[in-house]
Structure formats: structure tokens, C-alpha cells
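The next block holds one structure in the form of C-alpha cells; read it before the comments.
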Amino acid sequence: MTWQLADEDATLNVARICSDIIDGGGLVFLLGTLGAGKTTFCRGFIQALGHEGAVRSPTYTLVEEYPLSARRVCHFDLYRLGDPEELEFMGIRDYLDDDSLCLIEWPQRGVGVLPEADLVLHLADEGDGRQLDIEAGSDKGQHWLQQLQQHPELSKLMMG
4 MTWQLADEDA TLNVARICSD IIDGGGLVFL LGTLGAGKTT FCRGFIQALG
54 HEGAVRSPTY TLVEEYPLSA RRVCHFDLYR LGDPEELEFM GIRDYLDDDS
104 LCLIEWPQRG VGVLPEADLV LHLADEGDGR QLDIEAGSDK GQHWLQQLQQ
154 HPELSKLMMG
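If you're matching positions, the sequence shown starts at 4 in my numbering and goes up one per residue.
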């Protein structure tokens, strides 16, 4: 499914809606060029779950953990990952348990080590705004995607 996001506020609003729908643990990949809005989406998602501090891209640390009251969210940025095997050394399997939701920017850098995502979000520049394409990679992801498609606020942004 494809949604048109007019500006940063629209990206944050979609992230908020997604935070209500994407429940429990899982794996969400965020794809897009530099500046496409991946970190903005993650910030909106994590803050909608109750985190009150800053949400920065973990470009140098690779991962930031947010132990929130409802669940643990792990925000990864693999842009500077030199080799997918580095994920094994940092203990990636410990983050991928059933209770954690992992938001992973630049997942293509972890190919061969990362499992398939439940949801894949593709963010792309589209004029002054962004285009967001979401596809499911699992039954859980398909359930989330169906809920997103039926959400009244998001249906206004749907392109097809």
C-alpha cells in the first residue's frame, strides 16, 4: 500500500498511528535514501509510545534501546555497519526476542544475518513531501497492514 505524506508532521502522524497498531514484538525495516524520513518516523513512533526524551539516529552506536512501559523498542541504524557479521558480535539475537519491537534503518546492510521483516516501510522523496510504501513480510505484518489500510486517518492518504 502507498500513502502520500505532505510534510514532517504527516510522517509523525502516520508513525503515531502505526504505534497504536503495531503491537507486541516484531521486526520493521525502514528503507529510503538519506533524508527520506526514516529517523523522523522512528522518532514519532517511539515518542507516541511514551518516550519523552530525544530520539536520535543511532548512526554511530548502531542501536538505542527504549524500555517503555508497554514494551521494549530497539532502534537500529545500520548505515555505518561494515559487515553483516558485526551484528552477531553485538548480540543481535538478544534484541530479536518475541517481546521486542525492532525498528531497523538501512536493513540491507545486515542481509544474511537479519531475519525477514514483519513490515517493510519504503520512504521516498515526493515533491515537497514523502511517499510511504508499506508491505508485509509475515502473517503478523499482514495483520498490521490490514489494520493500517482500514484506519480512517490513513485512508485519506492512501494512493492505491
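Using N, Cα and C, we set each Cβ at its ideal position, and we do this for glycine too. If you're wondering where the values come from, they're calculated on a predicted model, not measured in any experiment.
- With fewer than 16 other CB atoms across the displayed protein chains lying within 10 angstroms of its CB, G27 is exposed.
- Counting only the Cα atoms, T5 lies some 34 Å from M93.
- A Cβ-Cβ contact shorter than 8 Å links A120 with F32.
- With 16 or more other Cβ atoms from the protein chains shown falling within 10 Å of its own Cβ, T14 counts as buried.
- Scanning the region 85-135 from its first residue to its last, the whole beta strand (DSSP E) runs of 3-plus residues come out as 103-108, 122-129.
- The C-alpha of A57 is placed about 11 Å away from the C-alpha of E67.
- Taking C-beta separations shorter than 7 Å and ignoring five residues to either side along the sequence, the partners of K41 in its chain run L33, G35, E108, L126, following chain order.
- Spanning the alpha carbons of Y98 and L81 requires a straight line of approximately 14 Å.
- Out of D102, G29, G85, V17, the CA that lies nearest to the CA of Q152 is found in V17.
- In the DSSP assignment, V31 falls within the beta strand (DSSP E) that extends over 29-34.
- Around the beta carbon of G130, a 10 Å sphere encloses fewer than 16 other beta carbons of the protein chains shown; the residue is thus reported as exposed.
- Rounded to the nearest angstrom, the Cβ distance from L71 to G53 is 5 Å, consistent with a contact under 8 Å.
- Annotated three-state conformation of L65 is coil, per DSSP.
- Here P110 is buried, its C-beta having at least 16 other C-beta atoms within 10 Å.
- When DSSP states are grouped into helix, strand and coil, D80 belongs to the strand group.
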